[in-house]
Structures are given as C-alpha cells and as structure tokens.
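Written below as structure tokens is the structure these notes are about.
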Amino acid sequence: MPTAALSGHFVTKIKPTTNALSVVYIKSASYSSDGNKPNVAAYKRGTGGRASFNGIVATVFGCTGFVGRYVCNKLGKSGAQLILPYRGDFYDAQRLKVAGDLGQVLFTPFDIRDEESIAKSVQYSNVVINLLGRDYETKNFKYKDIHVDGPRRIARIAREMGVERFIHVSYLNQSPNPKPLVLKKPSEFKISKHFGELAVREEFPTATVLRASDIYGSEDRFLRSFASAARIHSQYMPLYKNGQETYKAPVFVSDVAQGIVNAIRDCDTKCKIYQAAGPRKYLLADLVDWFYALMRKDESWGYQRYDMKYDPILPMKIMFLNMISPAYPLGGLHWESLEKEATSDIIDDSLPTLEDLGVQLTNMEDQVPWELKPFRAHQYYIAKVGEFPTPPNPKIQV
C-alpha cells in the first residue's frame, strides 16, 4: 500500500483484489508533535452526522452540567468524538452516551485536583473545553478552587499534552474589583471568574474565552430561580432596588453551545475573547413581571414586586434554607446568587460577540414562554383557546 506525504496529509491508494474498477481513497490526517507519524485520531470518515467522524476529539470538562449537555449534543451531532470526564456517580454522566454513535462517546473518572486523571482525560484530544463552574461554595470546593486553580491546572496539562485548541467559558461581568450591590464585600464569584480567565490565558496563550451572561434554557438556574417557591414569599417577589436599576441580556443555552462549536471550527478565534450575551437587553423588573404573567401568576393571582431592602424576612429565610441544606442552596437562593441577579450586563463594544461566531441568536420572546410552561398556576386546568390572553412582551432597552 504505497503512501506519499503531501503538505501534511497522507494520500493512500488502495487497489482491490477483485476485477472491479480501482478505487482511490484520500484520507486527511495531521502529524503528531514529533513530526514523524500521523495522528490517527485526526482521520476523518463518513458523510457527516453522529455516525461519522469529523476529526475533532474533544474533552469536555463539566459535561454533566447545564451548558455541558448542550455542548456534548451539538458536538456529537456534528461527528466529534467525545471524552467526558466525570466525578461522582457514573450514572449521572451515562445519559450523555446517546450524544454520539457507538464508540464515539467515552467516559473517564477524574478529580480536578488529580493531575494524572486530567492528563488521562486530554491525552488523545485535540480540543479541550472547560465548562467547570460553581454558583455556590461548598466545604470541599471554594470559588478559587473551581474557577482559578482548576482551570489553570487543566490548561497547563492540556498544553503539555499537545492539545491544539482550548475553549474556556467565563462570566460576562467578571471583574478584579467588583462593586458590591447586595453583598457587603466584593463578590468572590466575579473575582474568581476574572482571575480564572487570566490563569487560562497564562497557561494556554491561544485559548478562546467566552464570557457568558445569564444563561437560560431547560433545567437552568436563571428562569427557575425566579419560578422557585424558595425565591418568592407567597405572592411577593423581593428584588434589588425593585429591579428598576438592573439591566439584563440573557442568552439561550443552545446559542452558547453553538458558539463553542463554531469557535472550535474557526482557527481565527484563537487568543480572542467573545461575549456570549443575548440579542436584547431588558430591565429586570420588566422581565420578572413578564415571567410571572407567563406563569399566569400576575396581579390578579396576588403577585407583587418590591425592594428587598425592606424585607426583614429574606435574610432569615436565606440562612434557614442554607442551614437545612448544607450541600447546596435550596432554590438556588443564597447571597452570591442575589448579587449576580442584581448585576447589570455590560456589553463591551470593543469585543466580538456570538454573532461574530456566526450564531443566529434566539430572542427571549420566542423561547421563554415554552420554558415556563411547567410552572403555570393551575397547571392541570385545561384552558379554552383564548381564555388566557397572551401577556405583552417586556420592553426592550436600548
């Protein structure tokens, strides 16, 4: 079987032993770091889709998280091989097996503090995606552990193992010295997200960073935090300054996942920072009013919104919820979540966005009504057509 190296590719000619016409197969492959033998993992095959292989071998850290599930689905749908590190019970990650065809999705246990397990996870990959993040701290993992030290360790090992692309998802409003709004001191979440970016770019200079705003979708922690019974007092909704000074540009989770996939395909995205925000900006007060109107919990239901500083029960409620559930805050209600909720999304015009990655952004008006359907009041009541009027959309802020 003669082979010839042409511009970093192998051209393989195969002649069948039968009397049929000669068939020529051309396979594309990239050389390994030593320049002597090709990287077998880079061979493309198939015609596209889950049953094919497009040359991407991606390790997705945080695959079992909210965004991770969407990223795995889009990568598997395009024909990528997936290496999915997980911690804890394997059955939490097993559902991702159907993201790709047989043999395309592989699992490996890892610990973010164990360098050997990280190296094992990335040794055969040409793309590493870091989606690890934590909205709240635990006794085992603080913000610095999961947002700074962990990404630094993963980026360094990925570079040492010869990984070609590194994608890191950060937070839109990250800052080294954020102004406290609800908290009495600067947010550790925002600070750790900022220094996590710096750590990744220091260890992997060509990394691509996506700064995401509040992400909504199925099983999110944005819409469902407002819909949760833990967030509202009966029919009363406390917000920072009644929601009148907070502006949000939430982004649909599928758009963020598509931006990650598009960034992998485009080599020009190396060393760049992209802002993953929604196409429109809204006043938080208008958004929350709209959410409850969609859930048929408007003023006629008893819904009222007010400034949280006049609520003496809220601090006690947060303390009680965190005391009875030390593993995670019930309903996502804790002080850092309220600080993040009160933070306005600032879009930097000097930085590219998801639209620059070729993503057609989804409007909240087209997606949120479907997302909030399970939270409607009197869910099992079969309404007549037109019995409940469609609430007006929230006002778009310029």
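Residue numbering for the sequence shown follows my numbering, starting at -19 and increasing by one per position.
Where is the CB? At the ideal position from N, CA and C, for every residue including glycine.
Beta-carbon proximity list for residue i, same chain, < 8 Å, skipping 5 on both sides
{"i": "residue 358", "result": "276"}
{"i": "residue 111", "result": "40, 41, 42, 43, 45, 47, 48, 51, 149"}
{"i": "residue 375", "result": "262, 263, 266"}
Nearest neighbour of residue i, chosen from the options [CA to CA]
{"i": "residue 82", "options": "33, 243, 241", "result": "33"}
{"i": "residue 157", "options": "144, 151, 171, 164", "result": "171"}
{"i": "residue 256", "options": "335, 210, 141", "result": "335"}
{"i": "residue 372", "options": "348, 378, 365", "result": "348"}
{"i": "residue 176", "options": "149, 199, 162, 350", "result": "149"}
{"i": "residue 179", "options": "131, 353, 319, 304", "result": "131"}
{"i": "residue 261", "options": "378, 106, 44", "result": "378"}
{"i": "residue 114", "options": "161, 69, 201", "result": "201"}
{"i": "residue 198", "options": "285, 232, 57", "result": "232"}
{"i": "residue 66", "options": "89, 59, 77", "result": "89"}
{"i": "residue 125", "options": "234, 96, 173", "result": "173"}
{"i": "residue 391", "options": "299, 315, 249, 282", "result": "Lying before the first or after the last residue shown, residue 391 is absent from the chain, which here runs from -19 to 378."}
{"i": "residue 317", "options": "112, 162, 41", "result": "162"}
{"i": "residue 95", "options": "190, 133, 64, 127", "result": "133"}
{"i": "residue 144", "options": "102, 165, 123", "result": "102"}
{"i": "residue 356", "options": "24, 137, 278", "result": "278"}
{"i": "residue 68", "options": "58, 78, 92, 59", "result": "92"}
{"i": "residue 234", "options": "216, 196, 370", "result": "196"}
{"i": "residue 354", "options": "369, 221, 271, 258", "result": "271"}
{"i": "residue 221", "options": "167, 183, 288", "result": "288"}
{"i": "residue 59", "options": "36, 360, 319", "result": "36"}
{"i": "residue 216", "options": "224, 206, 225", "result": "206"}
{"i": "residue 38", "options": "190, 244, 181", "result": "244"}
{"i": "residue 224", "options": "269, 249, 241", "result": "269"}
{"i": "residue 308", "options": "76, 118, 164, 97", "result": "118"}
{"i": "residue 283", "options": "211, 337, 239", "result": "211"}
{"i": "residue 84", "options": "74, 56, 97, 329", "result": "56"}
{"i": "residue 328", "options": "183, 360, 136, 190", "result": "190"}
7 Å CB neighbourhood of residue i in its chain, flanking five on each side removed
{"i": "residue 237", "result": "47, 50, 51, 54"}
{"i": "residue 367", "result": "none"}
{"i": "residue 25", "result": "32, 33"}
{"i": "residue 293", "result": "213"}
{"i": "residue 1", "result": "Confidence is the limiting factor: at residue 1 the pLDDT is only 30, short of 50, which leaves the residue's position unreliable, though a coordinate-based value still follows. So the list is empty, once near-sequence residues are dropped."}
{"i": "residue 121", "result": "114"}
{"i": "residue 28", "result": "59"}
{"i": "residue 169", "result": "123, 316, 320"}
{"i": "residue 297", "result": "none"}
{"i": "residue 295", "result": "none"}
{"i": "residue 105", "result": "37, 38, 39, 63, 143"}
Cα-Cα separation, residue i to residue j
{"i": "residue 246", "j": "residue 214", "result": "49 Å"}
{"i": "residue 14", "j": "residue 155", "result": "Reliability fails at residue 14, whose pLDDT of 48 lies under 50, so the model's placement of it is uncertain and no value is given."}
{"i": "residue 230", "j": "residue 339", "result": "15 Å"}
{"i": "residue 185", "j": "residue 254", "result": "15 Å"}
{"i": "residue 116", "j": "residue 305", "result": "13 Å"}
{"i": "residue 291", "j": "residue 321", "result": "17 Å"}
{"i": "residue 153", "j": "residue 70", "result": "33 Å"}
{"i": "residue 274", "j": "residue 109", "result": "35 Å"}
{"i": "residue 379", "j": "residue 363", "result": "Since the first residue of the chain shown is -19 and the last is 378, residue 379 is not available in this structure."}
{"i": "residue 79", "j": "residue 30", "result": "8 Å"}
{"i": "residue 166", "j": "residue 251", "result": "28 Å"}
{"i": "residue 99", "j": "residue 141", "result": "7 Å"}
{"i": "residue 76", "j": "residue 241", "result": "17 Å"}
{"i": "residue 345", "j": "residue 302", "result": "33 Å"}
For residue i, the residue or residues it bridges with in DSSP
{"i": "residue 188", "result": "147"}
{"i": "residue 169", "result": "Per DSSP, none; premise fails for residue 169."}
{"i": "residue 261", "result": "377"}
{"i": "residue 141", "result": "Per DSSP, none; premise fails for residue 141."}
{"i": "residue 213", "result": "216"}
{"i": "residue 61", "result": "37"}
{"i": "residue 232", "result": "196"}
{"i": "residue 256", "result": "192"}
{"i": "residue 333", "result": "255"}
{"i": "residue 108", "result": "39, 146"}
{"i": "residue 86", "result": "63"}
Proximal residues to residue i (C-beta, below 6 Å), its chain only, five neighbours per side dropped
{"i": "residue 208", "result": "311"}
{"i": "residue 86", "result": "63"}
{"i": "residue 323", "result": "153"}
{"i": "residue 127", "result": "172, 173, 176"}
{"i": "residue 72", "result": "44"}
Neighbour-count burial assignment, residue i, 16 or more Cβ in a 10 Å radius
{"i": "residue 107", "result": "buried"}
{"i": "residue 397", "result": "Since the first residue of the chain shown is -19 and the last is 378, residue 397 is not available in this structure."}
{"i": "residue 194", "result": "buried"}
{"i": "residue 325", "result": "buried"}
{"i": "residue 188", "result": "buried"}
{"i": "residue 285", "result": "buried"}
{"i": "residue 300", "result": "exposed"}
{"i": "residue 331", "result": "exposed"}
{"i": "residue 123", "result": "buried"}
{"i": "residue 218", "result": "buried"}
{"i": "residue 61", "result": "buried"}
{"i": "residue 365", "result": "exposed"}
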